[in-house]
Amino acid sequence: MASPDLTLDILCVGAGFAGLFELYHLRSLGYSVKVFEAGGDIGGVWWHNCYPGARVDSIVPVYEFSDEKLWKDWSWTEKYPDWKELRRYFQHVDEKLDLRKDILFNRRVVSAKWNAGKDRWLITSQDGYVVSAQFFLLCVGNDSKIYIPDYPGINKFRGSCHHTARWPQGGIDLCGKRVAVIGTGASGVQVVQDVGPRASQLTVFQRTPNIAFPMRQRAIDEETSRKMKQELYSTVYRRRRQTLGGHAYDLYPKYSYDATEEERILFYEDLWNKSGGLQLVAASYLDIRLNQQANDELYYFWRRKVLERVQSPRLQKILAPEVPPHPVGAKRPSLEVSYFDTFNLPHVELVDLTQDPIVEFTENGILTADGHEREFDVIVLATGFDAMSGGITQIDIEGTDGISIADKWAKSVQTYLGMMTANFPNMFFIYGPGAPTALSNGPTCIEVQGEWINACIKDMMDSGVKCIVPLHEAEEQWQQIVSQSDLAVLYEWYKKLL
Ligand code: N01
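Residue numbers for the sequence shown follow the working numbering, beginning at 46 and rising by one.
Here is the structure:
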């Protein structure tokens with residue numbers, strides 16, 4: 046076994062919200078902590094996701110740290126800040142908490158092995174640097190491993206081709222360019238509405254229509270910000286820990302069909318016009334994700350709104366089909382400002398991949414099954430991630446039984462409390478699989494999990510316990526709770542809200 050270049054109490058991987066939270070708090074407890082970050086600066090997803098139009102879909106101040114020393118002299122300019130403002134926020138956090146001195150950038154962790162004799166992890170980065178640490182914290186987020194479909198000829202294309210989460214840091218000038226966007230998730234929607242008006246030609250390749258909700262973006266002036274801090278912030282930070290999704294709002298404490306049809310329509314109109322955003326699902330009726338009929342009703346409400354904005358009957362059918370593509374909220378809702386209007390522009394084209402799949406990339410563009418080769422200057426791959434577990438399994442982490450985390454989780458992800466996994470002692474993960482994660486506002490989930498992990502580490506350190514690992518039985522019990530989150534369990538939970 047290689048001898049370490051550095052010996053620490055704790056090594057964190059990732060300098061986004063989770064890694065910074067852990068670094069600050071664990072360092073304050075007196076432990077030696079470092080963060081290894083694969084990217085070139087702090088911010089996690091907000092360092093990597095600098096594609097045109099990237100912005101957050103949770104509102105501020107919910108989407109930030111709750112620590113008063115950070116928020117008291119930080120003012121946002123928009124309800125949903127863009128990636129540039131989020132990066133400025135992270136710089137502010139760094140200045141306040143003096144974090145950077147303990148972060149090593151451009152240092153990707155590639156493997157880790159538990160040394161049972163010493164009760165420590167031996168962790169190696171891509172450049173061969175080896176760290177010995179008692180605790181190994183994976184703060185890699187749920188969307189750090191990108192997914193690129195295996196298109197034939199993908200390397201043949203001579204123009205520029207980038208995944209949204211690996212967008213060149215210097216940006217690309219897309220004015221007057223022929224642009225393709227593959228994928229219509231949250232990232233694709235944002236690229237399309239941003240780039241559509243300035244590209245000379247934009248072709249969007251859609252596999253599944255996006256039931257995107259209106260963002261209802263708003264500017265925040267200094268006076269509003271001051272008042273919000275004075276009157277709202279502390280309440281928001283207490284409240285966000287009490288709700289299902291870690292936001293300041295929660296499901297409306299009434300079942301859909303306890304309301305009359307008129308009441309339901311007015312309720313949706315109100316949500317649509319006043320709040321928009323994730324609230325259409327997350328502040329909707331209690332059973333909106335459980336009752337198919339109620340869910341369909343919301344879909345058709347949404348569809349009527351979209352049809353009013355899209356002129357072409359052909360595009361209407363592809364963007365907002367008669368049959369719901371999936372239940373509303375089954376995929377995390379995306380937010381849009383002008384996404385649907387963009388398709389009315391004469392130089393914007395929509396390809397329905399269910400009818401005309403991509404056959405291959407060519408030197409000049411993309412060939413679809415109908416024999417049409419479209420030429421592009423830039424191809425944007427908004428094709429998403431190996432989400433949840435991919436950021437962890439891409440690191441070659443070997444457990445006490447010699448089996449890697451990738452092999453352990455190959456068939457199904459097993460965790461205890463969504464923060465640990467059996468055979469991997471003293472290894473914690475935050476905002477990862479088996480936890481609220483995608484259903485929850487990031488900073489809320491990160492603070493709740495981070496506090497639990499920090500208390501656990503402190504307890505162990507204070508009492509001289511060297512090692513903690515979940516029992517297989519405990520893991521199985523947790524797995525049952527997670528996978529049995531069926532209607533009955535959810536109804537029980539929701540009933541508590543009534
Ligand atoms: O990724 P996605 P994303 N051929 O997985 C399509 C957060 N986020 O980067 O739906 C053709 O949602 C795929 O099609 P389908 C947010 O949490 C937040 O957009 O699988 N298409 C889909 O359309 C979000 O949930 C913000 O049929 C293919 C798209 O690619 C998460 O990140 C902004 C394909 C992938 O969508 C991920 O969002 C951005 C193929 N072979 C991201 N494979 C905000 O804060 C995949 N697709 C607003």
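Glycine included, each C-beta is placed from N, C-alpha and C at the ideal position.
Would the stretch 169 to 187 and the stretch 382 to 398 be scored as touching if the rule is three or more Cβ pairs under 8 Å?
-> no
Where does the unbroken beta strand (DSSP E) through Gly59 begin, and where does it stop?
-> Along the sequence shown, one-based indexing puts residue 59 at 14. No beta strand (DSSP E) holds Gly59; DSSP gives it neither H nor E.
Is Asp102 near ligand 2, with its Cβ less than 6 Å from a heavy atom?
-> Judged by which ligands are present, ligand 2 is missing from the structure shown, whose ligands are ligand 1.
Give the single residue among Ile104, Ala293, Leu323 whose Cα lies nearest to the Cα of Pro126.
-> On the sequence shown, position 81 is the one that residue 126 refers to. Looking at the Cα atoms, Ile104 is the closest of the given residues.
Any idea what DSSP makes of Ile424, helix, strand or coil?
-> Numbered from its first residue, the sequence shown carries residue 424 at position 379. Of the three classes helix, strand and coil, the one that applies to Ile424 here is strand, per DSSP.
Is any heavy atom of ligand 1 found at a distance shorter than 6 Å from the C-beta of Arg211?
-> Here residue 211 refers to the residue found at position 166 when the sequence shown is read from its first residue. No, ligand 1 has no heavy atom inside 6 Å of this Cβ.
Contacting residues, own chain, Cβ-Cβ under 7 Å from Thr438 (five flanking each side not counted) | As a first step, residue 438 is located in the sequence shown; it is residue number 393 there, counting from the start. Here the set comprises Ile450, Ala451, Trp454.
For the stretch 112 to 119 and the stretch 248 to 259, state whether three or more C-beta atom pairs, one from each stretch, are separated by less than 8 Å.
-> no
Which of helix, strand or coil does DSSP assign to Pro549?
-> Lying before the first or after the last residue shown, residue 549 is absent from the chain, which here runs from 46 to 543.
Would the beta-carbon of Thr445 be found less than 6 Å away from any heavy atom of ligand 1?
-> Indexing the sequence shown from 1 puts residue 445 at position 400. Flag unset: Cβ of Thr445 not near ligand 1.
Which residues in the same chain as Ile360 place their Cβ atom closer than 7 Å to its Cβ, once the five residues preceding and following it in sequence are excluded?
-> As a working mapping, residue 360 is identified with position 315 in the sequence shown. This sequence places Leu at residue 360; Ile is not what is there. Counting only Cβ-Cβ distances below 7 Å, and skipping sequence neighbours, we find Phe388, Leu395.
Name the DSSP bridge partner or partners of Tyr461?
-> Numbered from its first residue, the sequence shown carries residue 461 at position 416. DSSP, once it has assigned bridges, lists Met465 as partnering Tyr461.
Between Pro194 and ligand 1, is the CB less than 6 Å from at least one heavy atom?
-> Here residue 194 refers to the residue found at position 149 of the sequence shown. Within the cutoff, so yes.
Bounding residues of the beta strand (DSSP E) (the contiguous stretch that carries Arg165) | As a first step, residue 165 is located in the sequence shown; it is residue number 120 there, counting from the start. Residues 165 to 170.
Tell whether a beta-carbon distance below 7 Å holds between Cys184 and Glu82.
-> Your numbering for residue 184 matches position 139 in the sequence shown. Your numbering for residue 82 matches position 37 in the sequence shown. Cβ atoms of Cys184 and Glu82: not closer than 7 Å.
Under 7 Å between C-beta atoms of Phe474 and Ile498 = As a first step, residue 474 is located in the sequence shown; it is residue number 429 there, counting from the start. As a first step, residue 498 is located in the sequence shown; it is residue number 453 there, counting from the start. No, the pair does not count as a contact, with Cβ atoms beyond the cut-off.
According to the Cβ coordinates, are Lys190 and Asp341 closer than 7 Å?
-> Position 145 of the sequence shown holds residue 190. Position 296 of the sequence shown holds residue 341. Taking 7 Å as the Cβ cut-off, Lys190 and Asp341 do not qualify as a contacting pair.
Terminal residues of the continuous alpha helix (DSSP H) containing Ile450?
-> Against the sequence shown, residue 450 aligns to sequence position 405. From DSSP, the alpha helix (DSSP H) with Ile450 extends over 450 to 453.
Residue range of the unbroken alpha helix (DSSP H) whose run includes Val236 | By 1-based counting over the sequence shown, the position of residue 236 is 191. Looking at the DSSP string, the run of the alpha helix (DSSP H) that includes Val236 is 231 to 240.
Under 6 Å from any heavy atom of ligand 1, does the C-beta of Gly221 make it?
-> Position 176 of the sequence shown, counting from 1, holds the residue named residue 221. Because no heavy atom of ligand 1 lies under 6 Å away, the Cβ of Gly221 does not count as near it: no.
Relative to ligand 1, is the shortest distance from any of its heavy atoms to the C-beta of Arg285 smaller than 6 Å?
-> Counting from one through the sequence shown, the residue named residue 285 turns up at place 240. No, ligand 1 has no heavy atom inside 6 Å of this Cβ.
Is it the case that the CB of Arg252 approaches a heavy atom of ligand 1 more closely than 6 Å?
-> Residue mapping note: residue 252 aligns to position 207 of the sequence shown, counting from 1. Arg252: yes, Cβ under 6 Å from ligand 1.
How would you label His371, buried or exposed, when you count the other beta carbons within 10 angstroms and need 16 or more for buried?
-> For this step, residue 371 is matched to residue 326 along the sequence shown. By the 10 Å Cβ count, His371 comes out exposed.
Range covered by the beta strand (DSSP E) that runs through Val249 = For the purposes of this step, residue 249 is identified with residue 204 of the sequence shown, where counting begins at 1. It spans 246 to 251 - the beta strand (DSSP E) in which Val249 sits, taken as one unbroken run.
Would you tell me roughly how many angstroms separate the C-alpha atoms of Lys519 and Gln525, rounded to the nearest one?
-> By one-based count along the sequence shown, residue 519 stands at place 474. By one-based count along the sequence shown, residue 525 stands at place 480. Correcting the residue type first, residue 519 is Ala in the shown sequence and not Lys. Roughly 10 Å separates the two Cα atoms.
Residue burial classification, Pro391 (beta-carbon count within 10 angstroms, cutoff 16) = Mapped onto the sequence shown, residue 391 falls at position 346. So Pro391 counts as exposed.
Take every Cβ of the stretch 409 to 421, pair it with every Cβ of the stretch 221 to 234, and state whether three or more of those distances are shorter than 8 Å.
-> yes
For Asp239, is the beta carbon positioned less than 6 Å from some heavy atom of ligand 1?
-> Here the question's residue 239 lines up with position 194 in the sequence shown. Checking every heavy atom of ligand 1 against the Cβ of Asp239, none is found closer than 6 Å.
Of the residues Thr489, Asp397, His517, the one placed nearest Asp446, counting alpha carbons only = Counting from one through the sequence shown, the residue named residue 446 turns up at place 401. Closest by alpha carbon: His517.
Span of the beta strand (DSSP E) around Asp441 | Along the sequence shown, read from residue 1 onward, the residue named residue 441 stands at position 396. Taken as a continuous stretch (DSSP letters only), the beta strand (DSSP E) holding Asp441 covers 441 to 443.
Just curious, the beta strand (DSSP E) that Lys158 is in, first and last residue?
-> Taking the sequence shown and counting its residues from 1, the one referred to as residue 158 is at position 113. Taken as a continuous stretch (DSSP letters only), the beta strand (DSSP E) holding Lys158 covers 154 to 160.
Among residues of its own chain, excluding the 5 on either side of Gln238, which ones have a beta-carbon nearer than 7 Å to its beta-carbon?
-> Reading the sequence shown from its first residue, position 193 is the one you call residue 238. Excluding positions up to five away in sequence, the list reads Gly98, Glu381, Val382, Ser383, Tyr384, Thr387.
Looking at C-alpha atoms only, which residue of Asp332, Val326, Pro515, Asn409 is the closest neighbour of Ser205?
-> One-based indexing of the sequence shown puts residue 205 at position 160. Ranking Asp332, Val326, Pro515, Asn409 by Cα distance to Ser205 puts Asn409 first.
State yes or no: is the C-beta of Gly509 nearer than 6 Å to some heavy atom of ligand 1?
-> Mapped onto the sequence shown, residue 509 falls at position 464. Every heavy atom of ligand 1 is 6 Å or more from the Cβ of Gly509, so no.
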